[in-house]
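> Quick one: the structure is below, and I'll ask about it shortly.
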Amino acid sequence: MSEALIMDTDASLLLGVEHEQKQQEELYQQLLLQTMGKLQSDSPPSKVIRPQPGLCVKTSSVSDKKKVFLNICQSQTVPPPPHLSQEALVELLESEDPTSYRVPMSLGEPHTEVDNSSQGCTVYDVVINDEFFQKCEKDTLFQQFLIAVSLEGLENKYSLELSRDIKILKNRKFMGSIAEQNIRTKSKPIIQEIDSKESLTLPSAAKCPEFTLLVEPPSGKAEHLIAEILLPGVSSARSVVLDLGEDRLVLIARPSLFHLDIFFPVLIDQENSVAQYNTNTQTLTVTMPVVSL
C-alpha cells in the first residue's frame with residue numbers, strides 16, 4: 001500500500017550506485033554542502049498584485065459570535081488548480097480525504113471594516129485564479145466547495161474557528177476595501193499533503209532522517225533525481241508535509257519526528273514529480289525529472 005507524499009535527509013548522502021564517476025561525485029559534494037547549510041538560495045521572487053472583486057461571504061467566529069466577512073477575489077496571477085469535472089468533485093467530496101485536492105489561493109491579513117449597520121467587523125481577502133473563480137460562479141457545487149476551502153484555509157493559517165452558517169451577499173462583491181497582496185511568482189509545490197488541522201511549524205525535536213539520493217541514469221546526462229527517505233514511526237502519509245520547489249525539497253513529519261531541507265544543484269520539474277509513501281516499509285520515494293537547460 002502506498003500513499004502520495006514526500007522527503008527527508010541524513011548527513012551521509014549517497015549518490016549513484018556502484019560506479020564512482022566524476023559527475024556523481026561533484027553532485028554529491030554540492031548536495032552535502034547544501035545540507036550543512038554552507039550554500040544558500042535566493043528568496044523566492046514575489047510581486048504585488050491588486051485583486052479584482054469576486055463575491056462577499058458573511059460568517060462569524062465561533063468563539064465570540066462576531067461578524068466575519070470573506071472577500072473572495074480573483075487574479076490571473078494566482079495559478080489555477082488542476083482540472084476537475086463536476087462528477088470528479090462529487091466523488092472527491094464523498095471520499096475519505098476531500099482535502100487531497102488543493103486550490104491555490106493567497107490569504108490576506110485580517111483588516112477591520114464597518115458594515116452596513118455601522119458596526120465593526122473583521123474582513124479577510126482570499127484571492128484565487130480568475131478562470132477558476134468564473135467556473136465557481138457558474139456552478140453552485142463548485143461555489144460551495146470554494147467557500148468551504150477558503151474557510152478552512154483561513155482557519156489553518158490564523159488558528160480560527162469559523163461558522164459554516166454562511167450567507168453570500170447578493171448586492172455587493174466585497175466588504176470595505178480590497179488590499180494589495182504580495183505573492184510568490186515561483187509556482188508553489190505540486191506535491192504537498194498537509195493535515196487540515198495542523199499549521200506548518202517546524203517541530204523543535206525533529207531530526208534528519210536517513211535517505212539515499214540517486215541519479216538516473218548512473219552515467220551521462222542526469223534525467224531524474226530519486227530520493228528514498230526512511231521515516232520510521234510514520235504510519236501514514238497524512239503525517240508528512242512535503243514542499244517541493246524548483247531546486248529545493250523540504251519535509252516535515254509529524255509529530256516532531258523528522259525535518260529535511262535540501263537544495264539541488266539542478267532544476268527539477270515540479271509538476272511531473274511523483275512521491276509515494278510505502279506504509280509497510282515506512283519509506284518515502286520521490287522521483288523528480290531534471291529540467292534540461
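At position 260 of the sequence shown the residue is numbered 260 (the working numbering), and the sequence of numbers has no breaks. Backbone N, C-alpha and C fix where the C-beta goes; we use that ideal spot for every residue, glycine too. Computed from a prediction, not measured in an experiment: that's the story for all the values here.
Nearest to Pro209 by alpha carbon, out of Gly176, Thr287, Gln282, Ala179?
With distances taken between Cα atoms, Pro209 lies closest to Gln282.
> Among all the DSSP beta bridges, which residues are the ones paired with Phe258?
Partner(s): Lys207, Ala253.
> Enumerate in chain order the residues of its own chain whose CB-to-CB distance from Gly233 is below 7 Å, with the five nearest sequence positions on each side excluded.
Hits under 7 Å: Leu257.
> Taking the C-alpha atoms as reference points, what is the distance between Gln24 and Val48?
For Gln24, the predicted structure reports a pLDDT of 49, less than 50, and the residue's modelled location is therefore unreliable. The matter cannot be settled from this model.
> Taking the beta strand (DSSP E) that Tyr101 falls in, what are its first and last residues?
Counting along the chain, Tyr101 falls outside any beta strand (DSSP E), and DSSP gives it neither H nor E.
> On the three-pair Cβ rule with 8 Å, is the segment 212–219 touching the segment 269–285?
At 8 Å Cβ cutoff, the stretches do not touch.
> Candidates Lys65, Tyr277, Thr212, Phe133: which alpha carbon is nearest Gln76's?
Among Lys65, Tyr277, Thr212, Phe133, the Cα nearest to that of Gln76 belongs to Phe133.
> Counting C-beta neighbours from all protein chains within 10 Å, is the total for Ile168 16 or more, i.e. buried, or is it exposed?
Exposed: under 16 other Cβ atoms inside 10 Å.
> Measure from the alpha carbon of Phe211 to the alpha carbon of each residue in Leu284, Cys136, Cys56, Val127, then state which is nearest.
With distances taken between Cα atoms, Phe211 lies closest to Leu284.
> Using 10 angstroms around the beta-carbon of Ser106, count the other beta-carbons present and answer buried if the total reaches 16, otherwise exposed.
Flag for Ser106 reads buried.
> Looking at Leu160 and Ser61, is the spacing between their C-beta atoms short of 8 Å?
Yes. Within cutoff.
> Where does Pro51 land, buried or exposed, given buried means 16+ other C-beta within 10 angstroms?
So Pro51 ends up on the buried side.
> Going straight from the alpha carbon of Val240 to that of His83, what length do you get?
If I take the Cα positions, the gap works out to 25 Å.
> Find out if the Cβ-Cβ distance for the pair Val236, Thr287 is shorter than 8 Å.
It is Ser, not Val, that sits at residue 236 in the sequence shown. Not closer than 8 Å, so no.
> Out of Glu96, Gly108, Ala206, Ile229, which has the shortest C-alpha to C-alpha gap to Glu155?
When only C-alpha atoms are compared, the closest one is Gly108.
> So the alpha helix (DSSP H) Asn156 belongs to, where does it begin and stop?
Counting along the chain, the alpha helix (DSSP H) containing Asn156 begins and ends at 140–158.
> For Ile252, I'd like the list of residues in its chain whose CB is within less than 6 Å of its CB, leaving aside the five on either flank, ordered along the chain.
Cβ within range, chain order: Val241, His259.
> Glu180 to Val57, Cα distance in whole Å?
Those two C-alpha atoms are separated by around 19 Å.
> Can you check whether the CB of Thr122 is closer than 8 Å to the CB of Lys66?
Yes, Cβ-Cβ distance for Lys66 and Thr122 is below 8 Å.
> Could you compute how far the alpha carbon of Ser301 sits from the alpha carbon of Phe264?
Here the chain covers residues 1 to 293 and nothing more, so residue 301 does not appear.
> Taking the beta carbon of Gly245 as the centre, do at least 16 other beta carbons fall within 10 Å, making it buried, or is it exposed?
With 16 or more other Cβ atoms within 10 Å, it is buried.
> Counting along the chain, where does the beta strand (DSSP E) carrying Ala227 start and finish?
Element bounds for Ala227: 224–230.
> How would you call Asn129, buried or exposed, if buried means at least 16 neighbouring beta carbons within 10 angstroms?
That one is buried.
> For the beta strand (DSSP E) containing Val241, name the first residue and the last one.
Where Val241 is concerned, the enclosing beta strand (DSSP E) stretches over 240–244.
> Taking the continuous alpha helix (DSSP H) assigned at Glu87, which residues delimit it?
Run containing Glu87: 86–94, per the alpha helix (DSSP H) assignment.
> Taking the C-alpha atoms as reference points, what is the distance between Glu152 and Ile72?
Cα to Cα, the separation comes out at about 13 Å.
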